[in-house]
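For reference, the structure is listed below as C-alpha cells.
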Amino acid sequence: GGILTRGGQSLLIHGLGRVESIEEIENIVIASYGGSPLRVRDVADEVKIDYEIRRGAVSAQGQGEVVLGLAFMLMGEN
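Residue numbers for the sequence shown follow our numbering, beginning at 53 and rising by one.
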C-alpha cells in the first residue's frame, strides 16, 4: 500500500498480497487492454522501495507525541 499524490489530490493505494522485490512491483498488472496486460513498469518513471513520508504529528498539550488513529471511508463501500 501507499499514497499516490497527483495534481493536489492524494489517493490511498491498497494492495492485496505481499511483494518482496522491486521487480515484483514492476510486474504487477494494473489493467488489461485487448488482452494485453498493462504493468506498473509501463506507466512508472521510477519504481523504488523507500520510507513512507510522514503525514503529520499529534502532541498532547505541546508535550511529545501521542497516538492518532485515522479512519478512511471507501467510496461506495461504507
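Just so you know, even glycine gets a beta-carbon here, dropped at the ideal spot from N, CA and C.
What you are looking at is a predicted structure, and each value in this text was computed from that prediction instead of being measured.
I74 and L68 have their C-alpha atoms roughly 16 Å apart.
Looking at the backbone, the Cα of A96 and that of P89 are separated by about 15 Å.
In the DSSP assignment, V81 falls within the beta strand (DSSP E) that extends over 81-85. Setting aside the 5 residues that flank it on each side, I82 is surrounded in the same chain by L90, R91, V92, V95, each with a C-beta closer than 8 Å to its C-beta; the list follows chain order. The continuous beta strand (DSSP E) containing I55 extends over residues 54-58.
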